[in-house]
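The opening position of the sequence shown corresponds to residue 169 in the working numbering, with each subsequent residue numbered one higher. Working notes, structure below.
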Amino acid sequence: MLGDFCKLYKACSICGRLKHFTKFASNGRGKSRRKSYCHECKYFKRNGSKDIFNVQILEKSSIAVAVKTKSKKRVFYSVLYEDAIRMVIDRTAGIVNSSLIHQFDIRGIVLDRDGFICEYCGGIGNTIDHIIPKSKGGLTSYTNCVCSCKRCNSKKGSLSLREFLNTENKY
Numbered sequence: 169m170l171g172d173f174c175k176l177y178k179a180c181s182i183c184g185r186l187k188h189f190t191k192f193a194s195n196g197r198g199k200s201r202r203k204s205y206c207h208e209c210k211y212f213k214r215n216g217s218k219d220i221f222n223v224q225i226l227e228k229s230s231i232a233v234a235v236k237t238k239s240k241k242r243v244f245y246s247v248l249y250e251d252a253i254r255m256v257i258d259r260t261a262g263i264v265n266s267s268l269i270h271q272f273d274i275r276g277i278v279l280d281r282d283g284f285i286c287e288y289c290g291g292i293g294n295t296i297d298h299i300i301p302k303s304k305g306g307l308t309s310y311t312n313c314v315c316s317c318k319r320c321n322s323k324k325g326s327l328s329l330r331e332f333l334n335t336e337n338k339y
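What follows is the structure in structure tokens.
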């Protein structure tokens, strides 16, 4: 049951995505009291960002991207202005300031979107695959990634989608 009366899922007040209640920042008053924004958006709240998806704020130069790794470390890299705009429009990143965006956990977003079902074989998927491989210029974005099982992901490797589907029919 999802909605206003569900105690397991709630919508983040900043990014608007529906998430499990454990993905929300703790209020410090026990487990039952959680803040209205998720862990990913806590970064924006701390830095005082008002509108995290307004692309008019960004400078027209290379933009720094902050990513939180599994070990909770922050890694920074830079992207072109056009790529940063696409990431913000896809809602896979939010704007911290005019020259910095923060990339959300795309893996979790894609797996939830596809229901943990492999796009290639229909089995249980637990990894994400880039439709246009990163080695051929593909971005890690909401529109370029799909849920995949480990077997299909390793078979596809750095092939394009068309090449992979053609080799699948041969076996």
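Glycine included, each C-beta is placed from N, C-alpha and C at the ideal position. Predicted model only: the values in this text are computed from it and were never measured.
query: Go through its chain and collect everything with a Cβ distance to residue 267's Cβ below 8 Å, but skip five positions before and after it.; result: 226, 227, 229, 231 and 232
query: Taking a contact to mean a Cβ-Cβ separation below 8 Å, would you say residue 263 touches residue 222 in this structure?; result: yes
query: What distance in whole Å lies between the Cβ atoms of residue 322 and residue 301, which are believed to be in contact at a cut-off of 8 Å?; result: That pair is no contact at about 13 Å.
query: Measure the alpha-carbon distance for residue 244 versus residue 189 and round it to whole angstroms.; result: 28 Å
query: What is the DSSP secondary structure of residue 185, counted as helix, strand or coil?; result: coil
query: Going by the beta-carbon positions, is the gap between residue 299 and residue 305 smaller than 8 Å?; result: no
query: If you follow the beta strand (DSSP E) that residue 265 is in, where does it begin and where does it stop?; result: 261-265
query: Classify residue 333 as helix, strand or coil using the three-state DSSP reduction.; result: helix
query: Ordered along the chain, which non-local residues of its own chain (more than five positions away) have a Cβ less than 6 Å from that of residue 293?; result: 284, 285, 286, 315, 316 and 317
query: Is it right to say residue 169 is buried, meaning 16 or more other beta carbons lie within 10 angstroms of its own, or is it exposed?; result: Note on residue 169: pLDDT 48, under 50, position unreliable in the model; no value is reported.
query: If distances are taken between C-alpha atoms only, which option among 185, 202 and 177 comes closest to residue 277?; result: 185
query: Check whether the Cβ of residue 245 sits closer than 7 Å to any heavy atom of the ligand HEM, and report yes or no.; result: Questions concerning the ligand HEM fall outside what the structure shown contains, since it holds no ligand whatsoever.
query: I need the DSSP call for residue 285, collapsed to helix, strand or coil.; result: strand
query: Between which two residues does the alpha helix (DSSP H) containing residue 348 stretch?; result: Since the first and last residues shown for the chain are 169 and 339, residue 348 lies out of range.
query: Between residue 272 and the rest of its own chain, which residues show a CB-CB distance below 6 Å, the 5 nearest in sequence each way excluded?; result: 208 and 260
query: To the nearest angstrom, report how far apart residue 254 and residue 325 are at their CA atoms.; result: 25 Å
query: Which value, in whole angstroms, describes the spacing of the CA atoms of residue 192 and residue 240?; result: 16 Å
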